[in-house]
Structures are given as structure tokens and as C-alpha cells.
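Asks: Below are the C-alpha cells for one structure; questions will follow.
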Amino acid sequence: MLLIRCPYCAAERPEVEFVYAGEAHIARPSDPSALTDEQWKNHLFIRTNPRGAHFERWRHLHGCGRFFNAVRDTVTDKFAMTYRAGLPRPTASEIKEARP
Amino acid sequence: MTAYRVSGRGRVDHDRPVRFTFNGKTFEGRKGDTLASALLANGVHLVGRSFKYHRPRGILSAGSEEPNALVGVSRGDGRAEPNTRATVLEIFDGLNTASQNHWPSLKRDVGAINDALYMLFSAGFYYKTFMWPKSFWNKVYEPFIRGAAGLGKSPSVPDPDTYASRYAHCDVLVVGSGPAGLAAATEAARSGASVMLVDEQAELGGSLLGEPGADINGRPISDWLEETKAALAAQENVTVLTRTTAIGYYHDNFLGLCQRLTDHLEKLPEGAPRERMWRVRARQVVLAQGAIERPLVFDGNDRPGVMLSGSARTFLNRYGVKAGNRAAVVTAHDSAWLAAFDLAEAGVKVAAIVDVRSNASDHLLKRAKALDIEVLSGWTVTGTGGRLRISSIRANPVSGSGKVGPARKIACDTLLMCGGWTPSVHLFSHTKGKLDWNEERQMFLPGAPTEETRCAGAGNGAFGLLEAMTEGASAGAGAATDAGFEAKASTYQVDGEVPCAGVGVKELPTDRSSSRARAFVDFQNDVTAKDIRLAVREGFLSIEHIKRYTTTGMATDQGKTSNMNGLAIASDAVKRPSPAVGLTTFRPPYTPTTFGAFAGYNRGDLFEVTRRTAIDSWAEENGAVFEPVSLWRRAWYFPRPGEDMHQAVARECKATRESLGMFDASTLGKIEIVGPDAAEFMNRMYTNAWTKLAPGRLRYGLLLGEDGFIRDDGVIGRLTADRFHVTTTTGGAARVLAMMEDYLQTEWPELKVWLTSTTEQWAVIALNGPNARKLIEPLVEGIDLSNEAFPHMSVAEGTICGVPTRLFRVSFTGELGFEVNVPARYGRSVWQALNEAGQKWGITPYGTQTMHVLRAEKGYIIVGQDTDGTLTPDDAGLAWAIGKTKPDFVGKRSLTRPDIIDPNRKQLVGLVTRDPKVVLEEGAQIVANPGQPTPMKMIGHVTSSYWSETLGRSIALAVVEGGRAREGQTVHVPMPDRTHAAAIAGMVFFDPDGKRLNA
Amino acid sequence: MADASRIHPLAGRKVANPAVTLTPAEPAARLSLRARPDAVAALSKALGVKLPEMPKRSATSKSGGRAALWLGPDEWLVIDTAGGDPLADCAKVKALHSAVDISHRNTAILVEGKGAEATLSAGCPQDLSLTVFPVGACSRTILGKIEVVIWRTGETAFRVECWRSFSAYAFDFLEEAARDAPIAA
């Protein structure tokens, strides 16, 4: 069972308090009607599925209830860092620095 | 005193005899014995039959790595366990054990015919044999495989024991309490860190328990051990768990520890759990698991009496038991010599030490000579004699060029073997820690860790006592330091230690045809060296494939004694170095673990949460039959004496339509949405328009996913300008709230609105029928219930029976209806009050089945029954619920995607069977033309189907391709008895104008 | 007719052994309070409890009859066991907030005694030791298969809040776990 650092509780808490919520940094378009069918399909269904660093959303469902973002390595399963929802995607060097 | 017990020796209590039975015969052991040591003390080596060939098998080891000596234990009262290792089973008075895998008896087993037919049972036997003809599968092959599969007898009654479970947290967890583990724990404890020290054995000490020779810090080992144990026990920051196996090492230093609490006790304490599963989160871990001795691979190496040399030494020094009276030794490692010396000094005649190496050390040769032991250096063992117990070995000289010379027979009643030692890296491997191959030492050693962990002692290749303790102390101090404490490793002084070395070997050389040799690699799964070579010849080159083809390493011991030998032979056959062939993956649990320990408290009522409403107890007292709906149990119907379900539901439906029914709707999800942007939030989430909904009014709300498909629905009330009372489906409650929170927190954080689940704040009583208003009028205060003041789709706050209520005028049946929300703790008594007051109208409590029928008569859908996650509002006939002028809402964009506007999509329609008595099966497929050849084209399926007492006929809802355009057409529904014709109709079967609910 | 009566979801249940007692808590008024930081001062004043703004913290009124538990960055669980009406108190506050009555949604079990921590640790994966989870600490978390709020009210006393339909499971679970507490506390 992973330990996940909740950026709102400022503490590492057990994985069972959290739920995964898909890939991060996919903002809902402000006017979906302006999108072509192709663009809307890409927004709805196309995800990066990388090997290595993955930007993803988690929710501290059975804790403070907040959604937040994380960088997790899909090979090792390890979290490199977590950060509050709304913050920009961290850069490679920020991720490297944060990695425990 | 038996012939094999050495009086006064070891850690058993020689003054405390213990009587136990094995295969019905009573034996005597000593307190402190394992079943294995006690049987050996009685001269019993034959303890079981092997899995495949039913070969007689003895006790190979003295520890948890034992592959052979598996027994069944029964304690009565349904307490029975198969496949318990005799080497870890502590005996007590009255212990009842039996051997396994034989018929009719251990000594005469007809299954042993397999052994004579061994040529047929080679690697891949199953894959090669059970291939054809196909017809043989059900009648011949499957019964055969099922009959042969499995070891031991499964218990046939529920386990009467209970199992505890506990989360724990510590700074430093030390696994293993041998010299390295004790040194590590001592150091960490001294720093003030919270320490857990666990060991699978009954007492701390590990290899020290069987080691007589050396002194630690000037004290004999046993004294040092006692002092160290006492020091640890005296520290409050130390938790010592014995009989506790670290079974698995998971992410972020999370380990599972299975503690055995009662198996060793003669009398079971009342109510005590049998085992406790510790789930430990440690800041730092020290793995000091020790090493496992490797068998040698030669013809007949599985005969009872053949034993690992270190185990024989443990049996002697820890339990005071001689493995035999005339021992032979075959070894590739110095440590077996020490076993020979200890046994010789205890009075055992050691007939010969056969060392496959030609260059034994002088100090060993000198001591052997002093003890009058013949040494055969540069020799091999090519066979063993005897039937149920070894009686001799066949030893041959091997020349420098590798030529095997003539055999010599050496009589013995036990053979001690040693192929070197394998560091136990299982837990380290669970963490995906890298293993590095050490070519010189021919072993895998822990490499770079992936967790906050350190390996120390023999498990890290530090086999010497001083080396292990130094490494342990350093690991303990390092772990404490990394956990934030101040620590510095102590130094130890060890005197009298004999340094040991050895070489790695594959099968021993032989003068006989190797294809006939029964040289076992995996004892438990009966895999021989020949099987592994055959697998390689047949093209299996990866160790993972070889493992699965031959089954080596797949038994309950998970290759503890077999992995390295299997790898050495495979690497020789493949002609690639060991690291290139690779090691199979070690997986948890480290040793077999009971299902009970894993299940813990999750059994019986605690297996699954059963949610009950405040009114549930009334339903139970009044004979309700229940059905599960998500985690809830809901009253399904209320049969009267003599009624079946059909009759009860017909009566409930009729009473509701004609007069008055009451229904517990408390499980409906409820969400209170509060804030100045509440209406805007609702506009964005739901398809409908909310801005103009006046306070005090209700509206049906439809929720889509962003893909445009229906996710949930419910009636939503606006209490004030900034407060909505949302209802959801029972099963959708948590999902809908999570979806709303997601949009609110991550897409629209600027909206000033908050969501609170109030599902359980309110008990909800639905009252339906022409007399519903008459019932509540005298009980409600503060609300004008007239049709004009409180029309259909209204909500108001007042009191009922003196308690606060949110009263909804709403109907899911098509009748005049109210939903009475009261604070949950008042739910039952309000329900009872309404039930009493309603008697004059024949008020009838009804369950979910009647609710389903009544709503289907009106064509009201149930999300999750009539929808399946692929229906759009238009598919479900709910296009009217879309706010046409809204610029956006969740899912809106998807509603114009090309495949969503296809007119031939499956649409929800009514279905009227030609024969009104036929109730179609829900899920039944629909075809346009029943005469077409199979496979027929299916154009839809039935989603809901009931007998309607009101209409005197069956009704159904179905999804059909382009269904609405087919209204009036006949379709066909194949059912098990015959194919039924039905006409496609509208979805509303009853009171299409809605006169009744507006009454 | 007589007014309807109130029925406790855990009526009649009680467990006591030498290490731990389990007692259904008396009825209380409860509020789910949501607000942004700018409303905290006004709400604190109205409630008579300084709403804690740090994770895992709780605060209690002077009389001790009312407490506010931090559950999230904008969320508090207000519990009044002294017969007060926190909903009415909040209604007087003009600053933007959401106050929803959940008095009946939740129920609570008091877990007390030297084995209390061990009993909860049977199903709660958080570290509940005094150094990490001191008196006054509170957290929404997991107990076995359900969500709970655990609040440490004393060195050997906890209040476990859960939704009413989960309370039978919670009590059953704790009762089972309590059997192990005297052995392993």
C-alpha cells in the first residue's frame, strides 16, 4: 500500500484514503461547442499513457476530500511529487528535484 | 529416552515429556521440540509421499524452507490444517498429526506406481498428454487432473477460529533475529527509535540457536543471547514478535507480518484469535533473513534420511536429536564438515565425508582425523540405497579430467548434504530490489534497494558470525540514523569461529546414465535435473518458461531449496551464465499463510457492509423479503401469509393504485447544494434549465457524462434561491457526488457553492395513491396541502407528527404522491404513525418490486436498469429534459457527435406481447424476423418486464434499433420455451395524460 | 396523537472488557460547515469555537460542549453535545458559507480505555500513536471497509463518527477488534 502525500493535509497518508482520477492537466474547454468533432474526441478519449513520469489526478476522498495532481512513475509505481490542483505542470527539473 | 535423543543437549526441556500422535501412533517428544525433531528423536524419517511420483520422503530441513515434511494437523471442533511443515510445527500434549498424499498407508502407497512409470511423467507431461481427443476432456482428463491436483485434504467445515488484524507503525523494523538481526535491533533500540523485531521461530536467535562453538564479546553464545533478549525486552520502544513471519514487503515500506498466537498451545484460550496479521509501516527496514542451505543433486537424493547438513546440526544442537547413528556426509562446502564434527562428538559414527572438492583445508582434515572420520576428497555420490530409509550411499572418485571411477558402497542411516548456502533475498525481491550475481561466490546478492531498506548478515552474503554481527550493527545504526535518531554501530568480538567456504555445483558427476538418474531439484514438485535439461532441449530457454513447463519452484516452498540448483542446471544446459538465464520472481507470501489470516475480520457480517435504513427494522418485523441494492438491503415485497411474490406484488400494486401505498425511499441519494452560485452549478451539471425554477418547486433532473450518456437522474427541489435538495438514484449517490466535486473543484473552482451529502440525514417515506393527501392532512403543520397551494412537483418545509419535514409532492408511480423527508432518527416512528393513521384507507406497505412495476406502467425509467451507460437522453425518450437554450452543460457537446445523432441508434420503447399473459425475460434479445438463419441479427433487448395487475397484462420496456420509428411493428423475442411476438409501443402504459398525479 | 420519537441507530449496544469500552454516543447536533478563509473569523465568533485552520486539528468551546473538527481546507464538522443549535448560530452570519444539518446523518461510537488505540488500529491505517495523533487530533479516514472521522478526545479516548447506516458495521467491527485489545494492547 502506497503512502501518498496530500498537498492539502501536508502529510503522507495511506493509499486506501485516496482514489485515482485519471490523467491530469486536461482542462475542459471553456466552449466545447466551438470544437470540431475530432478535437472533442481527442479531449474526451485520447490520453498519453506514458512509460515513466505520468501526470495524474488523485482525490483524498476519505480524507480532506480534495482533488490534487501527482507525478508518478508508471514503471516503478512511485510518486515523484504531488501538488495542488490548478498549479501548472511541473518541469522535468522540478520533478527530478522533488523525487525522494 | 530414545536412541536418537542426546540427553541434556539443546534448548528443549528434557524434563518435560510431550505426547503426540503421528498417523495414529503415539510418540513422545520434549517441550520445545518441533514435530520434525520429535519424530527424528523417535527414529522416524519417513513422513510423507511426494506429489507426483508418491516417492517416500523424509525430513530435509529444520526450518520453514522444508519442501517434504508436510503433515495434516487436526485439533477437533473443525480445526484442521493441511500442509503444515513438520519442521515449524511445535508439539504439545495431544497434538494429532498425519502424513499426506498416499493410499492406503504411508508405507504402502499404490500411487507409488507413478514412480515406476516416471519416464511417462517427465517435464511437460500434462501438456503433452492431455491434448486429444477433445471428447476425453470432460470424462477422462479433467477428473484425472482434479484427482491428482492439490496436496493434503482441505478442511470440510467452516474454520471455527478467529483472526485478528492490526496496523502498526515503527521507525525501524528488523526482520530476522539471528546474529545480524539482533545486532541491528540492539543498535536501533539504543538510539531511542521505535523498533519492531520479528522472527518466524518460537524464540529469538536464528542460527545462534544451533551454534555451539563460538563466544560473543567473551560470553558463550547462549549467555550472550539471553542477555541480549532481556535487554531488548526491557526497552519500551521495542516490540518483539516471535512466531511471526514477514510474509510480504510492499510499497513504501509496508510489510505484512503473520503472527501465530495459538497453534502451539495445548489449550486454546477462550475467544483468542488464532493468528494476527500485522500491517506495518516502517520508516526503515533491516532485512536479516539469513541463508538457506542448498541440497546437492544426485540420484536418490530424496530418500528418507537424506538431510541438509546444517539442519542435522540444528537438530543436534538445538533439539538434542541425532539424525542417525551412522552418518555419511556429501558436500561442496566446509560447513557440512562442522555438522559432521558436532555429530561425531555427540557419539554418532560418521562413516565418511565425501567432498566434491579435492582440496580440503588442513584444519578440517586435522579435525576429521582426530575424530576418526574417513575423508574422500574429490569424490562424488552417485546413488543411495534403502527403501523407506537410506541404508547406504554409492560413492565414486572423480579424476582431475572429470572421469568418474568405480563405485564404493558406504553403509549409513543418514546422509548429510550441503551444496552451499543461498542468501534469503525473498523480501528484498518483493520490493523489486535488484539482485546482483556474484560470479565468484555463485550467488545472487541484494543490490540497489528500491525502498528504505538494508540487508544484513547471511541474507546479504555475510555468512561469518562476526561479519554478520558487524553488518547487522551497522545496518541497525544506519536505519536509526535515517529515521532521525542518533546512532553509532557498536563493534563485536567473536572468538572460536571456524571460517567456511565452498563452491557452486550443478548435478554431481555420475558413472551411470544420467537419463535414468532420479536426481531431484524440486522435492515438493518432483522435478529432476533431467526434467530441466529436457525442457531446455525442447526449446524453453528463459527460466520463467522452464519454471512453468517443469513446475520447478512452484510448490508451497516457492523454490527456497530448489531455485539455485534449478538455475545452475538450466544455465549449464542453455550454455549461458546464470545471470543471463535469470531468476524467477519471488512473490509473497514468503511462507504459506492461512486464508484466515488474510481475511482477518472480513468474514460473516463484516465481509460486506449491509446498510439498513431507519425503517428497515419495521420492515423486518413485518415480514418483508429483502433484496440487495448496492450496499443497502431494501424491502423487496411484503408477503402476507400464504402469498407468493407474484400475489404480494399484485396486491401491493392494486392497493396503491386504488387507495394508498407506502414505501421506504430512504436509500435515495441526497445532496444539498448551497451557495449563491447553486443554480449556475446546477445549470452546468444537469441537462435541464434551473435558473427559472422557483423556490418551493421541484424538477426532474438528468445528469450526463461528458460523453453524452445518461449517468443518473432524480427529482431536485429548490428550497431557497441558494439552496437545492438534489436526489440521486440509490446506487449512484456516491458517484454523483464525486462527479460534482470533481467539476466544482477542478473545472469551476470560482463558483461559490458547496456540496454536502444528506442521504442519511433524512428518512424518506413515499406515500402514493388517491388517499395520500387525506392521510397526511391532519398530521402536517405549516404547509397548505391543497392542490392549488401545493401542486405536483412542489416542496415545502413544515412538521409532520411534530417533527420537522421537507415534504415533496412528487410521484414515481403516477398516483397522487408525497415524499415525506424526516430526520432519520424519527423515520421509524413517523412511518409507524402514518401506517396506523392509514389503516382506514387500507394503507399498504410495498417494496421495490411494486415500485418497479408502478413506475414501468408510467414509462418512468430506472437509470442502470433501462439504461446501461450507452443511452443518450434522446435514446431514452428524454430529449424534453434538455434545456435547449443553455450554452453548455456536461455532455452537451457529445450530443451532436455523428454517431450520437444516428437515427438508427437503439431507442427505449414499450413492448406489448401478443399473448398478454407472457412476461418476457429481462435481458431477452429481440429480432425482427424469427425465420432468418442463425446467427440472427439482434436489434435490441428487453430492459424491464413485469406483470401489470392494473392493466391485466404484461408490460415491458426495451431498447430497439430505431425503435420509435417502428412503433406498431411486430418484433420477436426468443425465450427458452418458444419465440414470442410483441408489438412496439409507446413507453407510457397507464394514465398517459397524468390526470391522477395532478389530482 | 403523540409526537414521533427519536430512535438511536445503535440503541442498546455496549461492549466492555478490561482494555476497552465501546459506547454509542448520546445524540448531538452536527453541522457540515463549509466556508472560505475570509468567513472563518465571523463563523468562529458566532459558534463560540475558533475554527481550526490546520489539518488534523480540532477546537473546543470554553464550556466544552461544542467542537469544530478540521476535515478539509474549507470543511469542518461541528458537534454540539450540550443542546445548542449551531445551525441557528451560523444562520446569523452574513459572510458566505454553507451550513448543512447532519445531526441525523452521523452517529458516533466512543472508544475508551487503554486498549482504545489498539482497537482502532485493527482497521485504521493511520498512525494513531500519541506522538503522531495527539489529544485533539482528528481525521476523516478509513476503518475496515468504511469511512469514519476519528477524533482523539483523551489519551485513551476516541470518538468515531460515521454515517448512520454504516454504524452497525462500525460497531460490529470494533466489537470484534476489541476482543484482541486486552491480548495485544
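Protein chains in written order, with the working numbering: chain A, 726 to 825; chain B, 9 to 1007; chain C, 52 to 236.
The beta carbon of each residue, even a glycine, is placed where N, CA and C say it ideally should be.
DSSP three-state call for C:Phe222: helix, strand or coil?
Replies: In this structure, C:Phe222 counts as helix in the three-state DSSP scheme.
Asks: Hey, would you say A:Arg772 sits closer than 7 Å to A:Glu748, going by beta carbons?
Replies: It is a contact, given that the beta carbons lie within the stated cut-off.
Asks: From the DSSP output, read off the bridge partner residues of C:Trp127.
Replies: C:Leu84 and C:Trp121.
Asks: In this structure, how does DSSP classify B:Gln267 when only helix, strand and coil are distinguished?
Replies: Correct three-state label for B:Gln267: strand.
Asks: Tell me the rounded alpha-carbon separation between B:His110 and B:Gly66.
Replies: Whole-angstrom Cα-Cα distance: 14 Å.
Asks: With DSSP as the reference, label B:Val582 as helix, strand or coil.
Replies: B:Val582 falls in the helix class under three-state DSSP.
Asks: Tell whether a beta-carbon distance below 7 Å holds between B:Arg289 and B:His177.
Replies: Taking 7 Å as the Cβ cut-off, B:Arg289 and B:His177 qualify as a contacting pair.
Asks: Under 7 Å Cβ-Cβ, which residues of chain C neighbour A:Pro739?
Replies: Near A:Pro739 (Cβ distances below 7 Å), the residues of chain C are Pro176 and Gln177.
Asks: Any C-beta of chain A sitting closer than 7 Å to the C-beta of C:Gly195?
Replies: No, C:Gly195 does not count as interfacial toward chain A.
Asks: Determine, using beta-carbon pairs with one atom in the segment 171-183 of chain C and one in the segment 162-180 of chain B, whether at least three such pairs fall under 8 Å.
Replies: With a cut-off of 8 Å, the segment 162-180 of chain B and the segment 171-183 of chain C count as touching, because enough Cβ pairs lie within range.
Asks: Can you tell me where the alpha helix (DSSP H) holding A:Thr799 begins and where it ends?
Replies: That residue, A:Thr799, is in no alpha helix (DSSP H); it is neither H nor E in DSSP.
Asks: Would B:Ser802 be called buried (16 or more neighbouring beta carbons within 10 Å of its own) or exposed?
Replies: Its Cβ being crowded by 16 or more others within 10 Å, B:Ser802 is buried.
Asks: Rounded to the nearest angstrom, what separates B:Arg901 and A:Ser758 at their Cα positions?
Replies: About 6 Å.
Asks: Does the Cβ-Cβ distance between B:Ala464 and B:Gly480 come in under 7 Å?
Replies: Yes, these two residues count as a Cβ contact at 7 Å.
Asks: Please list, in chain order, the chain A residues whose beta carbon lies closer than 9 Å to that of B:Gly259.
Replies: The sequence given here places His at residue 259 of chain B; Gly does not occur at that position. Result: Met726, Leu727, Leu728, Glu740, Asp802 and Lys803.
Asks: Is A:Ala752 helix, strand or coil when you go by DSSP?
Replies: Coil at A:Ala752, not helix or strand.
Asks: Looking at the structure shown, is B:Asp123 part of a helix, part of a strand, or coil, going by DSSP?
Replies: B:Asp123 falls in the helix class under three-state DSSP.
Asks: Quick check: does the Cβ of A:Arg753 come within less than 6 Å of any heavy atom belonging to the ligand MG?
Replies: Because no ligand of any kind appears in the structure shown, any question about the ligand MG cannot be addressed here.
Asks: Between B:Glu278 and chain A, is any beta-carbon pair separated by less than 7 Å?
Replies: No, no contact with chain A.
Asks: Who are the neighbours of A:Gly790 on chain C, taking C-beta pairs under 8 Å?
Replies: What A:Gly790 touches in chain C: Leu122, Gly123, Glu126 and Arg191.
Asks: Just to confirm before moving on: does the CB-CB distance between A:Phe793 and A:Thr807 stay below 7 Å?
Replies: Cβ distance < 7 Å, so A:Phe793 and A:Thr807 count as in contact.
Asks: Check whether the segment 730-740 of chain B touches the segment 668-683 of chain B, counting contact only when three or more Cβ pairs, one atom from each stretch, lie closer than 8 Å.
Replies: Judged by Cβ distances under 8 Å, the segment 730-740 of chain B makes contact with the segment 668-683 of chain B, as three or more pairs qualify.
Asks: Distance cutoff 7 Å, beta carbons only. Does B:Pro831 sit that close to anything in chain C?
Replies: Judged by the 7 Å Cβ criterion, B:Pro831 is in contact with chain C.
Asks: Kindly indicate which three-state DSSP category B:Asp363 falls into: helix, strand or coil?
Replies: It is a strand residue.
Asks: For C:Glu198, would you say it is in contact with chain A, using Cβ-to-Cβ distances shorter than 7 Å as the test?
Replies: At least one chain A Cβ lies under 7 Å of C:Glu198.
Asks: So B:Ala981 packs on B:Val968, CB below 8 Å; how close in whole Å?
Replies: This sequence places Val at residue 981 of chain B; Ala is not what is there. Contact doesn't hold; Cβ gap of about 11 Å is too wide.
Asks: Going by beta carbon distance, what residues of the same chain come within less than 6 Å of C:Ala228, once the five residues before and after it are set aside?
Replies: Once the five neighbours on either side are set aside, the close Cβ partners of C:Ala228 are Thr170 and Ala173.
Asks: Would you call C:Ala80 buried or exposed, if buried means 16 or more other Cβ atoms sit within 10 Å of its Cβ?
Replies: Under this definition C:Ala80 is a buried residue.
Asks: From the DSSP output, read off the bridge partner residues of B:Asn446.
Replies: Answer is B:Met451.
Asks: What are the residues that DSSP puts in a beta bridge with B:Ala224?
Replies: Before going on, a small fix: residue 224 of chain B reads as Ile here, not Ala. DSSP output for B:Ile224 lists B:Arg227 and B:Val502 as bridge partner(s).
Asks: Sort out for me which residues DSSP pairs B:Gln292 with in a bridge.
Replies: B:Val180, per the DSSP bridge assignment.
Asks: According to the Cβ coordinates, are B:Leu710 and B:Thr695 closer than 7 Å?
Replies: Yes, these two residues count as a Cβ contact at 7 Å.
Asks: Restricting to runs no shorter than 4 residues, where is the alpha helix (DSSP H) found entirely within the segment 738-811 of chain B?
Replies: Whole alpha helix (DSSP H) segments, 4+ residues: 741-750 and 780-784.
Asks: Relative to chain B, which residues along the segment 216-233 of chain C have a C-beta separation below 8 Å, given in chain order?
Replies: If the cut-off is 8 Å between Cβ atoms, the segment 216-233 of chain C has Ser216, Phe217, Ala219, Tyr220, Asp223, Phe224, Glu227, Ala228, Arg230 and Asp231 near chain B.
Asks: Based on Cα-Cα distance, which residue from B:Ser107, B:Asp231, B:Phe262 and B:Gly976 lies nearest to B:Glu460?
Replies: Of the listed residues, the one whose Cα sits closest to B:Glu460 is B:Phe262.
Asks: State the DSSP-derived secondary structure class of B:Glu635, mapped to helix, strand or coil.
Replies: Strand.
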